[in-house]
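So the structure is just underneath, and the comments pick up after that.
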Amino acid sequence: MLRMSTLFLRTLRDDPSDASVASHRLLVRAGYVRPIAAGIFSWLPLGVIVLRNVERIVREEMDRAGFQQVHFPALLPKDPYEESGRWDEYGPTLFRLKDRKGADYLLGPTHEEMFTLMVKGEYSSYRDLPLHIYQIQTKYRDEARPRSGIIRGREFVMKDSYSFDLDDAGLEVSYQKHRLAYISTFDRLGLKYNIVSAMAGAMGGSKSEEFLAPCPTGEDTYVLCKKCGYAANVEAMTTVVKNKDLETPPAIEVLDTPNTPTIETLVEVMNKKYNANIGAADTLKNVLLLADGEPICILVPGDREVDLKRVEANLPGVKEIRLFEDEDFAKRKEFVKGYVGPQDAKKFGIKLYADPRITVGSHWITGANIKDRHARYVTHGRDFQVDGFVEAAEVREGDACPNCETPVVIDRAIEIGHIFQLGRKYAEALKLTVLDAAGKSRTVTMGSYGIGVTRAVAAIAEQNHDEIGLVWPKEIAPALVHIVATGKDERPFEVAESIAIELENKGITVLFDDRKEASPGVKFKDAELIGNPMLVIVGKSLADGNVEVRDRKSGSKEEVPVGSVVSQLINLLK
RNA sequence: CGGGGCGUAGCGUAGUGGCUAGCGCGUCUGCUUUGGGAGCAGAAGACCGUGGGUUCGAGUCCCUCCGCCCCGACCA
Numbered sequence: 003m004l005r006m007s008t009l010f011l012r013t014l015r016d017d018p019s020d021a022s023v024a025s026h027r028l029l030v031r032a033g034y035v036r037p038i039a040a041g042i043f044s045w046l047p048l049g050v051i052v053l054r055n056v057e058r059i060v061r062e063e064m065d066r067a068g069f070q071q072v073h074f075p076a077l078l079p080k081d082p083y084e085e086s087g088r089w090d091e092y093g094p095t096l097f098r099l100k101d102r103k104g105a106d107y108l109l110g111p112t113h114e115e116m117f118t119l120m121v122k123g124e125y126s127s128y129r130d131l132p133l134h135i136y137q138i139q140t141k142y143r144d145e146a147r148p149r150s151g152i153i154r155g156r157e158f159v160m161k162d163s164y165s166f167d168l169d170d171a172g173l174e175v176s177y178q179k180h181r182l183a184y185i186s187t188f189d190r191l192g193l194k195y196n197i198v199s200a201m202a203g204a205m206g207g208s209k210s211e212e213f214l215a216p217c218p219t220g221e222d223t224y225v226l227c228k229k230c231g232y233a234a235n236v237e238a239m240t241t242v243v244k245n246k247d248l249e250t251p252p253a254i255e256v257l258d259t260p261n262t263p264t265i266e267t268l269v270e271v272m273n274k275k276y277n278a279n280i281g282a283a284d285t286l287k288n289v290l291l292l293a294d295g296e297p298i299c300i301l302v303p304g305d306r307e308v309d310l311k312r313v314e315a316n317l318p319g320v321k322e323i324r325l326f327e328d329e330d331f332a333k334r335k336e337f338v339k340g341y342v343g344p345q346d347a348k349k350f351g352i353k354l355y356a357d358p359r360i361t362v363g364s365h366w367i368t369g370a371n372i373k374d375r376h377a378r379y380v381t382h383g384r385d386f387q388v389d390g391f392v393e394a395a396e397v398r399e400g401d402a403c404p405n406c407e408t409p410v411v412i413d414r415a416i417e418i419g420h421i422f423q424l425g426r427k428y429a430e431a432l433k434l435t436v437l438d439a440a441g442k443s444r445t446v447t448m449g450s451y452g453i454g455v456t457r458a459v460a461a462i463a464e465q466n467h468d469e470i471g472l473v474w475p476k477e478i479a480p481a482l483v484h485i486v487a488t489g490k491d492e493r494p495f496e497v498a499e500s501i502a503i504e505l506e507n508k509g510i511t512v513l514f515d516d517r518k519e520a521s522p523g524v525k526f527k528d529a530e531l532i533g534n535p536m537l538v539i540v541g542k543s544l545a546d547g548n549v550e551v552r553d554r555k556s557g558s559k560e561e562v563p564v565g566s567v568v569s570q571l572i573n574l575l576k
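Residue 80 in this note's numbering sits at position 78 of the first sequence; the count goes up by one each step and never skips.
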């Protein structure tokens, strides 16, 4: 039993000034956590209980699925990460340190290497597979910008698991097993979430899904169709293409369009000078990018921006892209900033990638590759050919759902879990092979699955609070029942204590506010702030042999005879 | 890393270049009070983030660095 009189806890009357999101604000105010440095927190007793509860549920569900727990150090030598290439790839996000001898170490940001090497060290036959192992470990990432309190810290607890299979079919089975285990985990955690496809299937690449907990302070945006349930990461959203311009357009016509470096000015001049009656959507925007140093051109309708994240996610094999800058234009004089068009791409030796909306046969008003001039009737397939289609244009609320064409909504969420088919990247780099039935050496294929444990605490807090405090789901709360004794006499305290003891004997956890010196108001405020599911008040109505039972979430109150309160609570908490 | 904001007691804050840095909450002592963050009296608690400068005089003005928060870039 937790007792407020001795609990190491100090609640704050005011919101901490540097906390803006609800979970951060309330977890600090209610005394669950304390900030130590940017993105680094200490956990106080109540916080530890909540964190352990989340951990326990995650562990129970992993174990139930037959996965086995292991534990790696957080402090790791450089070698495995050098071998996998991530010592260099990870960049400044990796916390690096040296020991007294000057040898390089790191604080693990994620443990693919260690899992791979551990399996390599123990297993060598296909008959040992499939294998699923997991750990719950503190991870370290020197984020460029930690934010939103617990949601994105530099130190955080994560459950990460890995599956090892001989072939793709096995990997798919392992993936589905994990997917089901995640569904039961997040259901038990009391989280609302959507399972969102995280990579465009059409473009190949590994299968990957994210578990997103919707909430306004989330930092991930995703697309949701309220009719058919389609949900996708913005990067993975696919475009429904409508054919336009079915009739054959006239030949290209080059027009004088002085001072029209932007779509907006172009539309204005076209309409005023040429009575064109067009909108931004009738123009073609040509955005020059450097993809791993090579210039490419992305075509999107003029009314849409290019979403660089979508381009990057959908251009296979490209590691880094960035926009052309003034100095790049200076080097390549053939590209006239503000007047770029696709019709000379071959001549310029540049690759074209078109958003799917730029259908073959469609014609556009676009740059003439000459300053102050634009061209119209520039037709895809006749006047230019593209090297490929790529999902490039920004996704907007109201765009058509790829399944049912209903307008989609765009929502924000916290990524609480991620499952994906890793493939052979690490197995290859670290040479994890087994002998198959024919005695031939085969590289193992892996799946990687993560749950942000500390982040889940924050997400639960985000989804379960009101103006006055936290409202924990049953399995997460520090205690199921919060008992407040009021009044000056001994009797309410004695009655409250006996109720508490009886509840604990029945397996119901209790936080008993047994403070004599605190006023009733203080106790009520603290109870609401801390947010246990049920509140029992022993005081005034004791004269009639009653106590008050309140539901934190609904706010409903009920007078219950002392004798039946325990059985009533057991009922309510079922 | 770019842009913005902010560093004054445990928390929230006030402080035209001029006395001993003020207030609320919390903490401690005593009395009083017990169904909505009680009342009275008293007390402790501050290197005003750091270093430098301007000035007769700096919490206040200037510069450096550090830290924190927000937006963006970034983020298995």
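Even for Gly, the Cβ is constructed at its ideal location relative to N, Cα and C. In this text the structure is predicted, and so the values were computed from the model without any measurement.
Rounded to the nearest angstrom, the gap between the Cα atoms of residue 382 and residue 413 is 34 Å.
With at least 16 other beta carbons inside 10 angstroms of its own, residue 494 counts as buried. Within the stretch 277 to 363, the runs of beta strand (DSSP E) at least 3 residues long that lie entirely inside it are, in chain order, 286 to 293, 296 to 303, 323 to 325 and 353 to 356.
Counting along the chain, no beta strand (DSSP E) covers residue 82; the unbroken alpha helix (DSSP H) around it starts and ends at 81 to 86. Setting aside the 5 residues that flank it on each side, residue 282 is surrounded in the same chain by 265, 269, 304 and 305, each with a C-beta closer than 6 Å to its C-beta; the list follows chain order. The beta-carbon separation of residue 365 and residue 262, rounded to 19 Å, does not stay under the 8 Å limit for a contact.
In this structure the stretch 80 to 88 lies against the stretch 425 to 437, because at least three pairs of beta carbons, one per stretch, are closer than 8 Å. Runs of alpha helix (DSSP H) with 4 or more residues, each lying fully within the stretch 43 to 107, are found at 47 to 66, 81 to 86 and 88 to 91, listed in chain order. At least 7 Å separates the beta-carbon of residue 555 from that of residue 486. The beta carbon of residue 243 sits closer than 8 Å to those of 358, 359 and 361, all from its chain and outside the five residues before and after it, given in chain order.
The beta-carbon separation of residue 59 and residue 191, rounded to 6 Å, stays under the 8 Å limit for a contact. Between the C-alpha atoms of residue 509 and residue 500 there is a straight-line separation of about 14 Å. In this structure, the CA atom of residue 468 is about 43 Å from the CA atom of residue 133. Counted as a single uninterrupted DSSP element, the stretch harbouring residue 531 is not any beta strand (DSSP E) but the alpha helix (DSSP H) occupying residues 522 to 532. In terms of Cβ geometry, residue 312 and residue 221 do not form a close pair [threshold 7 Å]. In this structure, residue 293 places its C-beta atom within 7 Å of the C-beta atom of residue 323. With a contact defined as Cβ atoms closer than 8 Å, residue 439 and residue 128 qualify at about 6 Å.
Here residue 525 is buried. Its C-beta has 16 or more other C-beta atoms within 10 Å. If you draw a 10 Å sphere on the C-beta of residue 41, you find 16 or more other C-beta atoms in it, and that means buried. The beta carbon of residue 186 sits closer than 7 Å to those of 63, all from its chain and outside the five residues before and after it, given in chain order. Remark: fewer than three beta-carbon pairs, one from each stretch, lie closer than 8 Å, so the stretch 393 to 402 and the stretch 366 to 374 are not flagged as touching. For residue 496, the uninterrupted alpha helix (DSSP H) run begins and ends at 493 to 507, by DSSP. The stretch 67 to 74 and the stretch 95 to 105 do not touch, with fewer than three beta-carbon pairs separated by less than 8 Å. Taking all protein chains shown into account, residue 321 has fewer than 16 neighbouring C-beta atoms within 10 Å of its C-beta and is therefore exposed. Look at residue 266 here: in three-state DSSP terms it is helix. Here residue 119 has 82 and 432 as same chain residues with Cβ atoms under 7 Å from its own Cβ, once five neighbours each way along the sequence are excluded. For the pair residue 541 and residue 488, the CB atoms are nearer than the 7 Å cut-off. The alpha carbon of residue 410 has as its nearest neighbour, out of 333, 299, 92 and 233, the alpha carbon of 233.
Within the stretch 223 to 265, the complete beta strand (DSSP E) segments of 3 residues or longer fall at 233 to 235 and 255 to 258, listed in chain order.
Under DSSP, residue 114 shares a beta bridge with no residue. When the Cα atoms are used, residue 372 and residue 393 turn out to be separated by approximately 28 Å.
For residue 188, the uninterrupted alpha helix (DSSP H) run begins and ends at 170 to 190, by DSSP. Between residue 48 and residue 33 a beta carbon distance of about 6 Å is seen, short of the 8 Å cut, so the two are scored as contacting.
The beta carbons of residue 517 and residue 6 sit about 5 Å from each other, so the pair counts as a contact at 8 Å. Per the C-alpha coordinates, the member of 290, 310 and 354 positioned closest to residue 338 is 290.
The DSSP-derived three-state label of residue 119 is helix.
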